[in-house]
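Structure first, commentary second.
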Amino acid sequence: YPCLSRMALNYLTIPATSINIERLFSKGRILLPHLRNRLSSQSIRALLCLGSWSHLGLVKDKDIRKVVCDDGEDEGIEIN
Numbered sequence: 001y002p003c004l005s006r007m008a009l010n011y012l013t014i015p016a017t018s019i020n021i022e023r024l025f026s027k028g029r030i031l032l033p034h035l036r037n038r039l040s041s042q043s044i045r046a047l048l049c050l051g052s053w054s055h056l057g058l059v060k061d062k063d064i065r066k067v068v069c070d071d072g073e074d075e076g077i078e079i080n
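According to UniProt numbering, the sequence shown is numbered sequentially starting from 1.
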């Protein structure tokens, strides 16, 4: 699992101040609008990490759609 090991290494070796604070809060605001404000901190962390991995090409959009969609239809899901 070369992709999984790179993802784990990427996640486990992030320094505490590796991201610009303004950028983090900008992405957090997109992720946490007023309608989604009840997500747990673990869910928020996982979504931010998944978004970063997707942006780096470590996770394919079609794989995310497969996990998210129970019935296999991905028409209503937009992944940026």
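Even glycine gets a Cβ: it sits at the ideal position worked out from N, Cα and C.
State the Cα-Cα distance for the pair residue i and residue j, rounded to the nearest angstrom.
| i | j | result |
| --- | --- | --- |
| Val68 | Lys62 | 10 Å |
| Leu58 | Met7 | 7 Å |
| Ala46 | Leu39 | 11 Å |
| residue 87 | Lys60 | With the chain covering only 1 through 80, there is no way to say anything about residue 87. |
One question on the structure: do residue i and residue j come within less than 8 Å of each other, judged by their Cβ atoms?
| i | j | result |
| --- | --- | --- |
| Ser54 | Ile44 | no |
| Cys49 | Tyr11 | yes |
The alpha helix (DSSP H) with residue i in it runs from where to where?
| i | result |
| --- | --- |
| Val59 | From DSSP, Val59 is part of no alpha helix (DSSP H); its letter is neither H nor E. |
| Leu39 | Element bounds for Leu39: n/a, residue is neither H nor E. |
| Tyr11 | Pro2 to Leu12 |
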